[in-house]
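K.L.:
Following this note's numbering, the numbering of the sequence shown begins with 4 at its first residue and continues without gaps. Beta carbons are placed, not taken as given, at the ideal position from N, Cα and C, and that holds for glycine.
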Amino acid sequence: MGLFGPKYPPLDEASGTAQVLAKFAVFEDFVKSANDRVEVLPGDGDLYAFVGKPPKAFGIVWFSGDERFDVRSAMESGAITREAAVKLVGSLANIYSANPGAERFEHKLAGHKVIVTPSAEMYGAVRDAIAEATG
């Protein structure tokens, strides 16, 4: 572990995971403006990003196509109730805590370090939790 947290190996730029990240210009724009730790879960559809220090102090942002979503905007649009939002945040904390050994990599994007967690299990659990909350 380094002075400022764990050190992760670099993500292979030629990997399928790096190619998935490259498809989301909206995610790169987000990373440029983020002023906190970003850990992204790439998968076969949307991107999910933990912002902050999960599982205790964090937010979740998800990217679908060229759009960005978060819990606050979902509540404001009526896509999620306050009760569902509270349940979602609790579920996400549990999902994160249940996967401490997930493989993680560092990736430079827009001049910022991003943690990449290419875990299909974690990705599926987050996807399902968000779908249930916004369902």
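#1: If you reduce the DSSP assignment to three classes, tell me which class L95 lands in.
#2: Between the C-alpha atoms of G5 and T137, what's the straight-line distance to the nearest angstrom?
#3: By the 10 Å Cβ neighbour count, where 16 or more other Cβ atoms means buried, how is S132 classified, buried or exposed?
#4: Is the beta carbon of P58 sitting closer than 9 Å to the one on S100?
#5: Let me check one thing: in DSSP terms, what residues is F61 bridge-paired to?
#6: Just how far apart, CA to CA, sit A52 and S67?
P.N.:
This is what the structure gives:
#1: helix
#2: Bear in mind that a pLDDT of 48 at G5, under 50, signals an unreliable position, so the model cannot answer this.
#3: Residue 132 is actually Ala in this sequence, not Ser. The residue is buried, with at least 16 neighbouring Cβ atoms inside 10 Å.
#4: yes
#5: G55
#6: 12 Å
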